[in-house]
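K.L.:
Input: one structure, supplied below.
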Amino acid sequence: MNHVFRPHGMFDCRVDGRLIYSEVTGPWNKELVTAWVTQVAPLAFEQARTGPHVGIAIIHDTLLCTPDALEELRRAVRYSVTKLGCIGHLVVAGPDVTARDLIEPLFRNLYEGLCGHGFFDTVEEATAYGHALLRERGF
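Going by the working numbering, the first residue of the sequence shown is number 458, and it counts up by one from there.
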């Protein structure tokens, strides 16, 4: 039996220069990741036309997500790096974000060997690192 679930969680995306910010409130499921990809893809395609970019996910409430959501995210990350010029995926999840210690290693595994990555407590720290990655590429 095939069940279709509604997206769990919430997100919003915006661009600031060569940085694409995604505000995500968890927990989330595969359907939310699919909806996020649909919204962020045009932003990433536009960035890819003129050079590299960095994605910054700002997590609210919890990092908990379903295993199939992680797999969908893995596919999106790989595509963004290999096809769209994304040079970094950064995560902001402060100490108040539930399950950070549990989920952080799984997220790091998504990015390892693909692009610059890191976990940060504040948006300012992630933004500074994102700009450093871009400067390394001359942007």
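For every residue, glycine included, the Cβ atom is placed at its ideal position computed from N, Cα and C. Model, not experiment: these values are computed from the prediction.
Could you tell me which of W485, A492, I513 sits nearest to A556, measuring between CA atoms?
P.N.:
W485
K.L.:
What do you get for M458, buried or exposed, if any count of 16 or more other CB atoms within 10 angstroms of its CB means buried?
P.N.:
Because M458 sits at a pLDDT of 44, beneath the cut-off of 50, its placement in the model cannot be relied upon, and the following sentence gives the value as read from the coordinates. By the 10 Å Cβ count, M458 comes out exposed.
K.L.:
Sort out for me which residues DSSP pairs S479 with in a bridge.
P.N.:
Paired residues: C470, A514.
K.L.:
Kindly give me the distance between the Cβ atoms of S479 and I515, rounded to whole angstroms, as I take these residues to be in contact under 8 Å.
P.N.:
7 Å
K.L.:
Where do the ends of the beta strand (DSSP E) carrying L547 lie?
P.N.:
543-549
K.L.:
Tell me which same chain residues have a C-beta within less than 8 Å of the C-beta of H517, skipping the five on either side of it?
P.N.:
E480, V481, T482, G483, V554
K.L.:
Would you be able to state if there are at least three C-beta pairs under 8 Å between the stretch 516-533 and the stretch 556-567?
P.N.:
yes
K.L.:
Start and end of the alpha helix (DSSP H) containing H465?
P.N.:
Per DSSP, H465 belongs to no alpha helix (DSSP H) and is neither H nor E.
K.L.:
Confirm, please, whether the CB-CB distance from V580 to C543 is below 8 Å.
P.N.:
no
K.L.:
For G474 and L567, I'd like the C-alpha separation in whole angstroms.
P.N.:
Between the alpha carbons of G474 and L567 lies a distance of about 25 Å.
K.L.:
DSSP beta-bridge partners for W485?
P.N.:
C522
K.L.:
Assuming G466 contacts L489 under a Cβ cut-off of 8 Å, what Cβ separation, rounded to an integer in Å, is found between them?
P.N.:
5 Å
K.L.:
Go to G573, then tell me how far its beta strand (DSSP E) extends in each direction, as first and last residue.
P.N.:
573-577
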